[in-house]
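> What follows is a single structure, and I will ask about it in a moment.
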Amino acid sequence: MKRIKQFFRYDNVGWLYVFPAFAYMLYFVGYPILQNIILSFQDVTMRTLTSPDKPFAGLQNYIEIFQDKVFRTSLTNTLVFTVSCLVVQFLIGFALALFFNRNFKIAKPVRGLLMMPWMIPITVTALMFKFIFGTDVGILNYILSSLGLIKENIEWLTTPGTAMFAVICANVWIGIPFNMILISTGLTTIPKELYESASIDGAGKVQTFFKITLPLLRPTIESVLILGFIYTFKVFDLVYVMTGGGPVNSTHMLSTYSYKLSFEMFKYSKGSAVANVLLIILLIVGSFYLRATKEED
Amino acid sequence: MKLRKAAAAVLSTAMAVGVLAGAVQVSAAEDITLWYYWENEGHQRALNEMIGTYNSSQDVYAVTAKYVPFADFKKQLSIGASASELPDLVILDSPDHASYASMGIFADITGKFDVSTYYEGPVASATLDDVLYGVPFGCNCLSLYYNRDMFDAAGITEVPQTWDELKETAAKLTTDGVTGLAFCSLQNEEGTFNFVPWLWSTGATSYDINSEAGIRALTFVKDLVDSGAMSKECINWTQGDVMNQFISGNVAMMVNGPWQIPTMRDEAPDLNWDVTLIPKDTEFASVIGGENYAVVAGGNEEGALDFLTYATQKEQVTFMMTQMGYISADSEIASEQFASEEDAVYKKFVDQLEYAQARGPLPEWPEVSDAISLAFNEVMTGSAEPADAAAEAQATIDSVLAR
Amino acid sequence: MDGEKKISGMKNVFLCIVSLAVMCILLFPIYWIFVTSLKTEKEIFQIPPTFWPQALNLKSYAAQVETGDFNMFQSFANSFLISVGATLISVVLSVPASYGIAKFRFKGKKVVLLGFLVTQMLPVAVLLTPMFIMFRNMHMYNTPWAAMLADATIGIPFSVLILKNYFASIPGDLEEAARIDGCNRFAAFIRVLIPIAKPGVMVCAIFSFLYAWGDLAYGMTFILDQQKRPITAGIFNFMGQYGTKWSYLTAFAIVTIIPVAIIFIFMQKYIISGMTSGAVKG
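Protein chains in written order, with numbering that gives the first Met the number 0: chain P, 0 to 296; chain L, 0 to 402; chain E, 0 to 281.
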């Protein structure tokens with residue numbers, strides 16, 4: 000008893016605040032993750048799915064997926080997709096957050112309206128973008144050619160490179176409000192007095208931005224980026240519905256490929272292994288994030 | 000006013016009693032659950048009506064149908080199988096039947112049904128290692144639809160019957176804003192479904208694509224796309240999208256199934272179209288689609304079988320097929336279907352069915368199908384030459400078959 | 000950053016115009032969804048596309064109310080229940096957790112943070128089977144609880160990560176002052192810190208709600224009865240094995256946006272003030 004009391008003196012009391020949420024997550028998600036790791040070391044296909052003892056496969060699944068061309072493509076695709084989306088949506092989101100932080104008349108209502116992409120079921124968004132990027136009936140080609148920007152219709156979704164561009168656009172569209180709102184709220188934590196004293200000291204706008212806004216916003220930026228990275232890295236519905244990984248696997252992501260292996264090809268263990276590669280990469284990125292975060296108190 | 004209120008009160012009490020009585024009756028019966036995936040309201044209503052008549056015809060079993068969307072159906076069955084939380088009966092897509100049968104989740108019903116009058120293909124799809132794991136529900140196949148007005152406008156009088164004629168016709172029909180031919184070429188089962196008629200027409204089977212015949216089929220679709228007679232966008236069009244393009248007048252001919260007819264009549268009543276056999280290379284060919292019933296092992300097998308016996312009677316089958324625009328898998332019933340003039344066009348699908356084969360049956364069919372669909376996607380997008388794509392697909396197929 | 004000072008005159012007009020232009024570009028896809036919902040299937044596929052329907056088609060909206068087993072109002076109620084439940088769970092658990100992380104230097108803090116991150120790292124699809132088995136064993140399969148509890152797992156880590164920055168940005172003096180006034184640390188957290196962090200809590204609540212509202216995978220997998228499923232499940236009425244009915248599907252999207260948009264407009268004052276009134280005095 001005494002020991003327990005001693006443990007919870009001072010800062011370890013923090014555990015009491017953290018524990019409920021942590022336990023909840025461990026119980027509901029930690030256990031499934033563990034199950035998934037086990038599954039990836041077994042050989043579970045349709046023939047063994049319902050049998051009580053699942054054959055142990057060791058690293059076989061991992062070896063096989065790394066020999067798989069589509070897996071390697073998915074891996075590169077996921078990285079390209081994530082980094083491009085993250086950079087573009089963060090920069091635009093940040094710019095918009097700064098813009099709407101200015102106190103002009105309709106700033107707040109318009110900023111609120113920009114949240115609307117988040118209210119649409121993602122499947123509809125994906126279908127809509129598929130439609131917008133259509134070659135002949137797509138509105139984008141129509142607008143571009145009306146403006147004289149293109150001479151011939153671009154085959155957005157039937158050419159590997161442009162298909163990737165199209166899915167990135169769709170994802171950025173959803174990502175912009177996310178970044179904008181989170182950075183906007185982050186901006187409210189910066190005391191106004193700092194800006195006032197800076198302007199008294201004769202600091203310019205650019206200077207204030209780099210000397211005050213950016214450093215004070217750092218924790219927010221870190222959180223937004225890491226969350227954005229995770230959400231983008233495991234993107235699923237958007238790509239699955241919009242391109243199904245095509246044309247010719249050129250937009251397959253780790254998550255869509257994992258799904259395809261598990262639920263379309265009935266190779267459950269391989270699907271898990273692909274998902275675990277995703278997990279491992281995110282773990283590495285996550286630990287970099289933790290190293291970067293300073294103790295903020 | 001008062002009287003009306005009183006009447007309403009009496010009525011609602013009576014209804015409540017009735018409902019209660021009904022509930023008691025229902026709870027006395029054993030519950031049988033059935034999963035199906037038709038999102039179409041007409042299909043759903045027909046199924047529920049048939050189930051309703053079954054439930055009132057006896058009081059031992061009470062069947063309830065649960066809708067699981069097509070997109071989720073395979074996933075839900077996989078999850079259900081590993082959690083042993085399955086219904087008693089499922090209606091599933093026929094090419095997947097063998098895979099699920101190999102999981103051991105379906106009951107052996109060999110000898111419990113007389114399937115001798117059924118078409119061979121659908122029965123084969125429900126059979127694995129000579130064991131019958133289900134009963135065909137109904138079937139369909141693909142045929143060539145064409146826009147008559149566009150034919151007239153282009154001065155075409157003969158319906159294409161061979162690949163060469165088809166190429167020529169498609170080229171003639173292709174104008175600014177109209178492409179000659181379209182068929183769904185998605186890189187999935189739906190795309191494979193639409194490609195295999197061409198492959199089989201050359202005499203090649205699904206398992207020997209890297210042959211002169213297989214390469215010829217791939218070259219044929221490549222030529223269609225390269226010449227502009229078929230839009231490359233077909234690789235992103237579902238069969239429904241293809242139909243939409245057809246009724247909007249963007250496409251002059253399409254390969255599609257009979258299930259599109261009600262929608263087409265509804266959405267484009269003025270469109271002047273007809274159906275013919277898919278043009279051939281060396282032989283006419285088409286592919287069989289449709290659903291099978293399967294009884295889940297370890298569920299209420301007796302009840303499921305009892306319902307199945309009822310549902311496969313001529314009267315019920317005829318009702319379901321007519322409501323859904325399907326062809327019965329029972330050739331005797333199919334020959335009597337579509338007697339009315341209005342339904343004459345469905346007859347053409349029955350004719351086409353003579354040339355149609357089933358995919359698989361093979362538990363690993365999804366992998367074979369994936370290899371095939373990758374091959375024609377590579378060819379259509381120009382990422383690979385027919386010979387290379389065929390060789391690559393063959394390597395995958397061989398490794399699957401070797402297992 | 001002109002702070003609280005209101006911008007007026009020409010500059011105000013200019014900024015308003017720019018913001019409207021930004022809005023038009025960003026919300027164009029939503030306009031396109033709306034216009035598509037009013038067209039006939041035939042016109043949707045017309046070349047060249049039309050910016051406004053030639054013939055207004057409202058059939059698609061009539062079909063939303065009830066299709067087969069699907070009842071829109073019932074589905075709305077289900078979604079609402081699930082989303083509010085998930086939001087409550089997520090806020091109640093993540094507010095103290097983020098405070099704990101921000102204000103205490105306890106042992107294993109980084110592990111905890113990493114833990115919250117890790118639970119977000121697997122695609123939902125691979126979690127479905129084990130979660131399904133868990134919920135079945137807890138007798139929650141085919142109840143809204145399963146979806147609610149599962150949806151909260153998306154909101155919690157997000158909220159913790161965002162809110163911890165909030166609590167961290169609140170100066171320690173405030174807490175000290177509250178303690179001098181006789182509050183213990185927990186009371187200070189409830190009475191002083193939470194109100195200050197309100198904008199952050201608000202944003203977390205909104206995102207938790209939207210995550211749950213938009214969820215399809217959990218709701219579909221853990222709830223089998225159409226009558227109990229969330230509104231997102233309705234999408235499958237118009238998108239199935241035989242193709243997509245575009246006008247119905249887009250009308251569906253518009254109809255699902257409306258209640259959420261109404262909640263936003265109705266609560267806008269509260270949400271916006273919540274989001275921006277973080278009166279942090281240094």
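Cβ coordinates follow ideal geometry from the N, Cα and C atoms, glycine included.
Please report the Cβ distance between Met118(P) and Leu126(E), rounded to the nearest whole angstrom; I am assuming they are in contact, meaning their Cβ atoms lie under 8 Å.
Actually they are not in contact, since the Cβ atoms of Met118(P) and Leu126(E) sit about 25 Å apart, beyond 8 Å.
> Enumerate in chain order the residues of its own chain whose CB-to-CB distance from Gly256(L) is below 6 Å, with the five nearest sequence positions on each side excluded.
Cβ neighbours of Gly256(L) beyond the five flanking positions: Asn139 and Leu141.
> Do you know offhand how far Ile234(L)'s Cα is from Pro246(P)'s?
The straight-line gap from Cα to Cα measures roughly 7 Å.
> Looking at chain L, which residues of the region 51-62 of chain P have a Cβ within less than 9 Å of any of its Cβ atoms?
Under the 9 Å Cβ criterion, the region 51-62 of chain P contributes no residue.
> Listing by chain order, which chain P residues have their CB less than 7 Å from the CB of Tyr165(E)?
Within chain P, the residues near Tyr165(E) are Thr188.
> Within 8 Å (strictly less), CB to CB, does Ser78(E) reach chain P?
No, no contact with chain P.
> With a 10 Å radius around its C-beta and 16 neighbouring C-beta atoms as the bar for buried, classify Asn100(P) as buried or exposed.
Asn100(P) comes out buried.
> DSSP state of Val130(L), grouped into three classes?
Val130(L): strand per DSSP, three-state reduction.
> Cα separation between Asp52(P) and Gln41(P)?
Cα to Cα, Asp52(P) sits roughly 10 Å from Gln41(P).
> Quick check on Lys163(E): buried or exposed, where buried means 16 or more other Cβ atoms within 10 Å of its Cβ?
Its Cβ being crowded by 16 or more others within 10 Å, Lys163(E) is buried.
> Could you pull the start and end residues of the alpha helix (DSSP H) that Asp30(L) belongs to?
Unbroken run through Asp30(L) is the beta strand (DSSP E), Glu29 to Tyr35; no alpha helix (DSSP H).
> Mind listing the chain P neighbours of Leu192(E)? Cutoff is C-beta to C-beta under 7 Å, in chain order.
The contacting residues do not exist; Leu192(E) stays about 11 Å from chain P at best.
> Give the list of continuous alpha helix (DSSP H) stretches no shorter than 4 residues that lie fully inside the region 11-85 of chain P.
Runs of the alpha helix (DSSP H) inside the region 11-85 of chain P: 13-24, 30-39 and 59-66.
> Roughly how far, in whole angstroms, is the beta-carbon of Phe265(P) from the beta-carbon of Met45(P), given that I think they are within contact range, below 8 Å?
At roughly 4 Å, the Cβ-Cβ gap stays under 8 Å, so Phe265(P) and Met45(P) are in contact.
> Check the Cβ-Cβ distances between Tyr140(E) and every residue of chain L, and say whether any is below 8 Å.
Tyr140(E) counts as touching chain L.
> Please tell me whether Asn70(E) has its Cβ less than 8 Å away from any Cβ of chain P.
So no, Asn70(E) is outside the interface.
> Unbroken alpha helix (DSSP H) runs of length 4 or more, entirely within the region 250-280 of chain L: which are they?
DSSP runs (the alpha helix (DSSP H)) wholly in the region 250-280 of chain L: 260-266.
> Taking 8 Å as the threshold (C-beta atoms), are Pro86(L) and Gly298(L) in contact?
Their beta carbons are under 8 Å apart, which means Gly298(L) touches Pro86(L) by this criterion.
> Can you check whether the C-beta of Gly179(L) is within less than 8 Å of a C-beta belonging to chain P?
Not an interface residue.
> Tell me Glu290(L)'s beta-bridge partners as DSSP assigns them.
DSSP, once it has assigned bridges, lists Asp92(L) and Gly137(L) as partnering Glu290(L).
> Name, in chain order, the residues that DSSP records as bridge partners for Asp329(L).
Its beta-bridge partners are Tyr117(L).
> Considering only the beta carbon of each residue, do Gly137(L) and Tyr325(L) sit closer than 8 Å?
Yes. Within cutoff.
> For Val399(L), which residues in the same chain have their Cβ closer than 8 Å to its Cβ, ignoring the five residues on either side in sequence?
Closer than 8 Å at the Cβ level, and outside the excluded window around Val399(L), lie Glu363, Glu366, Val367 and Ala370.
> Can you tell which of Ala260(E), Thr118(E) and Val259(E) has its C-alpha closest to the C-alpha of Asn275(P)?
For the residues Ala260(E), Thr118(E) and Val259(E), the minimum Cα distance to Asn275(P) belongs to Thr118(E).
> Note the first and the last residue of the continuous beta strand (DSSP E) segment covering Asn146(L).
Where Asn146(L) is concerned, the enclosing beta strand (DSSP E) stretches over Ser142 to Asn146.
> Name, please, each residue of chain P whose Cβ falls closer than 8 Å to the Cβ of Phe373(L).
Going by the sequence as given, residue 373(L) is Leu instead of Phe. Correct list: Val247 and Asn248.
> Please report how far the alpha carbon of Val123(E) lies from the alpha carbon of Thr157(P), in whole angstroms.
Those two C-alpha atoms are separated by around 28 Å.
> Report the CB separation of Ile138(P) from Trp51(E) in whole angstroms; it is logged as a contact under 8 Å.
Their Cβ separation, rounded to whole angstroms, is 12 Å, which puts Ile138(P) and Trp51(E) out of contact at 8 Å.
> Roughly how many angstroms separate the alpha carbons of Tyr35(L) and Gln75(L), rounded to a whole number?
About 11 Å.
> Report back the beta-carbon spacing between Ala228(L) and Ala153(L) to the nearest angstrom; my notes put them in contact at under 8 Å.
About 13 Å; that fails the 8 Å criterion.
> Assuming Leu304(L) contacts Lys65(L) under a Cβ cut-off of 8 Å, what Cβ separation, rounded to an integer in Å, is found between them?
No, Leu304(L) and Lys65(L) are not in contact; Cβ-Cβ is about 19 Å, not under 8 Å.
> Under 8 Å Cβ-Cβ, which residues of chain L neighbour Thr128(E)?
Near Thr128(E) (Cβ distances below 8 Å), the residues of chain L are Ser77, Ile78, Ser81 and Ala82.
> In whole angstroms, give me the CA-to-CA distance for Leu38(P) and Tyr99(L).
Roughly 19 Å separates the two Cα atoms.
> With a cut-off of 8 Å, does the C-beta of Thr315(L) fall near any C-beta of chain P?
Position check: residue 315(L) holds Gln in this sequence, whereas Thr was assumed. Output row for Gln315(L): interface = no.
> Residues of chain P with CB closer than 7 Å to the CB of Gly199(E), please, in chain order.
Within chain P, the residues near Gly199(E) are Thr184.
> If distances are taken between C-alpha atoms only, which option among Thr32(L), Ala328(L), Ser230(L) and Ser77(L) comes closest to Met102(L)?
With distances taken between Cα atoms, Met102(L) lies closest to Ser77(L).
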